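With the sequence shown counted from 1, adding 460 to any position gets you this note's numbering.
Built from N, CA and C at the ideal position, the CB exists for glycine as well.
All values reported here derive from a predicted model rather than from experimental measurement.
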Amino acid sequence: MDTTLRDGEQTPGVALKTEEKVWIARKLDDLGVDIIEAGSAITSEGEREAIRAVAAEGLDAEICSYCRIMQQDVDYALECDVDSIHLVAPVSDLHINVKLKKDREALKEMALSATEYAKDHGLIVELSGEDASRADLEFLKDLYKAGVEVGADRVCFCDTVGLLVPERTTEIFKELSSAIDVPVAIHCHNDFGLAVSNTIAALNSGAREAHMTINGIGERAGNTALEEVVMVLEWLYKYDTGIKTNELYKISRLVSRLTGLAVAPNKSLVGGNAFTHEAGIHVHGLLADTSTYEPITPESIGRERQIVLGKHAGKSSVTLALKELGLDVDDSQLNEIVGRVKQLGDHGKRVTDADLQTIAETVLDIYREAKVKLEEFTVVSGNKAIPTASVRLIVDGKEVVEAGIGDGPVDAAFEGIRKAISGVADIHLEEYHVDSITGGTDALVEVLVKLSKDGKMVTSRGARTDIIMASVEAVINGINQLIQD
461 MDTTLRDGEQ
471 TPGVALKTEE
481 KVWIARKLDD
491 LGVDIIEAGS
501 AITSEGEREA
511 IRAVAAEGLD
521 AEICSYCRIM
531 QQDVDYALEC
541 DVDSIHLVAP
551 VSDLHINVKL
561 KKDREALKEM
571 ALSATEYAKD
581 HGLIVELSGE
591 DASRADLEFL
601 KDLYKAGVEV
611 GADRVCFCDT
621 VGLLVPERTT
631 EIFKELSSAI
641 DVPVAIHCHN
651 DFGLAVSNTI
661 AALNSGAREA
671 HMTINGIGER
681 AGNTALEEVV
691 MVLEWLYKYD
701 TGIKTNELYK
711 ISRLVSRLTG
721 LAVAPNKSLV
731 GGNAFTHEAG
741 IHVHGLLADT
751 STYEPITPES
761 IGRERQIVLG
771 KHAGKSSVTL
781 ALKELGLDVD
791 DSQLNEIVGR
801 VKQLGDHGKR
811 VTDADLQTIA
821 ETVLDIYREA
831 KVKLEEFTVV
841 SGNKAIPTAS
851 VRLIVDGKEV
861 VEAGIGDGPV
871 DAAFEGIRKA
881 ISGVADIHLE
891 EYHVDSITGG
901 TDALVEVLVK
911 LSKDGKMVTS
921 RGARTDIIMA
931 SVEAVINGIN
941 QLIQD
């Protein structure tokens, strides 16, 4: 396979700032992506500003704009100084007749005219068939061939509503790749959960380019997940994609954070549980050989293995977790710690890193003074006030006062704490989760947070009737664990 990897898709409810789009584009370029679809120039002036900013970065990747088969769209793309356009022509009779209210010949004329216009103005053109999986294949091939004759550099088959199955994908791409003289691309949607399977089938059957997105984000159920296709090619097909796979998790987290779209814990490769183990028998196997319960090494995509403790925890998992905390125990102490961990698990609690440390230090009769102590915090918020928090902490014995603003009172409090400890450590909030333990307006709230520092991650909890106080408590607990000697 001679494969080109491409990233880009519009996602409902996501509106990135220009600097955020540029940030993601840089990371995609560093990752080794060949083509970046930076947006749709026709959308708005704000979208054009972002596309222009990405194009001005001087990246190695080809910068592309989505375009309809209209001259106006191409003109806007030209204003953005992109290298190429993804020129999308509806090709199923449903789209041609119902959406465009035209016939096949009129559609073909529009597509070829737009292709010629773009080529006359120096653009690389990828002529794409929207809803191709419901189109007449002979008509589609005729359109592609005519597009190539007037200058199209690539063509793309779009499974717009995710109806393809791998067997049919294989048949189609064997036929297209032998009939079309330019590279053929595959663009899949994940409505039936087959986007990755169909993309791999297409690449195995002659496709030379794949459209994908980080974390599989996109319209409705999303698009093909880049990280999944890359690792399938690298590990299962032994194909060198040229992608820096050890950066995949970092960019997954970045895209999730900037878009506000959380990654499901059970998502393959980049989900929170992908390299997390609890069951004692699994951890026992991992201690002997990590490949017993891991198909790839977490380090290969820039991750670390995590041991989660709960009612399924055994001695092996607790021993491993204690070693990571730098604690040695004898058999009787280990049995006591395992018993207490299981007791928490039986009550439906997830045992956080901070919980385990507290349990172990209690059993071992260790006293460790916290490096960061909360003395006081105040939060101001309201419908006409910017959420603001002031915090007073004792950090390594010294009083530090800071303030922060945020999207809400919890965010403002965390920002104030982060600034207050910036001289000691650079802490990042990776995950934040809230549960109500009891009912009513005075409910006890439990907050679980995941914090990171220099690649190390810890989990901690706080439980109060005040959600802000519970959040601050969880964050302070986690910080103390991250910066301990």
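- Of S665, D553, V692, T705, the smallest CA-CA separation from E759 is found for T705.
- The shortest C-alpha to C-alpha distance from G864 to any of F874, D856, F633, G805 is the one to F874.
- Inter-residue distance for N658 and V625 is about 6 angstroms (C-alpha atoms, whole angstroms).
- Of the residues assessed, A475 falls on the exposed side of the cut-off, its CB having fewer than 16 other CB atoms within 10 angstroms.
- With a cutoff of 9 angstroms on beta-carbon distance, L780 and L816 are scored as not near each other.
- One Cα belongs to L708, the other to L911, and the distance between them is close to 19 angstroms.
- Beta-bridge annotation (DSSP): D619 is paired with C648.
- Membership of F837 in the beta strand (DSSP E) is indicated by the continuous run 832-842.
- In the DSSP assignment, E784 falls within the unbroken alpha helix (DSSP H) covering 775-784.
- Sorting K562, L654, I502 by C-alpha distance to the C-alpha of D535 places I502 at the top.
- Runs of the alpha helix (DSSP H) lying entirely within the region 478-534, each at least 4 residues long, are 478-491, 505-515 in chain order.
- Between the region 556-563 and the region 604-616, the count of C-beta pairs closer than 8 angstroms stays below three; the two stretches do not touch.
- Residues P550, V551, S552, L554, H555, C618, T620, V621 of the same chain have their beta carbon placed closer than 8 angstroms to that of D591, with the five preceding and five following residues left out of the count.
- Within 10 angstroms of the beta-carbon of G666 lie 16 or more other beta-carbons, which makes it buried.
- Under the DSSP assignment, V823 falls in the alpha helix (DSSP H) whose first and last residues are 813-823.
- The straight-line gap separating the alpha-carbon atoms of A537 and R508 is approximately 8 angstroms.
- Between L636 and V585, the C-beta gap is not smaller than 9 angstroms, which leaves the two residues out of contact.
- Rounded to whole angstroms, the separation of the alpha carbons of A849 and S841 is 9 angstroms.
- Annotation for I927: V870, V894, V905, V907 place their beta carbon closer than 8 angstroms to its own, counting only its chain and skipping 5 residues before and after.
- Annotation: A830 to Q803 spans about 26 angstroms, alpha carbon to alpha carbon.
- For R717, same chain residues with a beta-carbon under 7 angstroms away, outside a window of 5 residues either side, do not exist.
- In this structure, the beta-carbon distance from V832 to V861 does not fall below 9 angstroms.
- The secondary-structure analysis by DSSP pairs N683 across a beta bridge with H649.
- Here I703 is actually not in contact with L889; their C-beta atoms are around 28 angstroms apart, not less than 8 angstroms.
- Annotation: the continuous beta strand (DSSP E) that includes T848 extends over 845-855.
- Counted as a single uninterrupted DSSP element, the stretch harbouring S751 is not any alpha helix (DSSP H), since DSSP gives it neither H nor E.
- In the three-state scheme derived from DSSP, where H, G and I count as helix and E and B as strand, A662 is classed as helix.
- Counting only runs of at least 3 residues, the region 554-600 fully encloses the following beta strand (DSSP E) elements, listed from N- to C-terminal order: 584-590.
- Here Y892 is bridged, per DSSP, to V909.
- Under DSSP, I767 shares a beta bridge with H737.
- P550: member of the beta strand (DSSP E) spanning 544-550, first to last residue.
- Residue state for V870 is assigned as helix, using DSSP reduced to three classes.
- Beta-bridge annotation (DSSP): K858 is paired with V855.
- Here H737 is not near R763, since their CB atoms are 9 angstroms or more apart.
- Straight across, the Cα-Cα distance linking L714 with I484 is about 8 angstroms.
- Membership of K634 in the alpha helix (DSSP H) is indicated by the continuous run 626-639.
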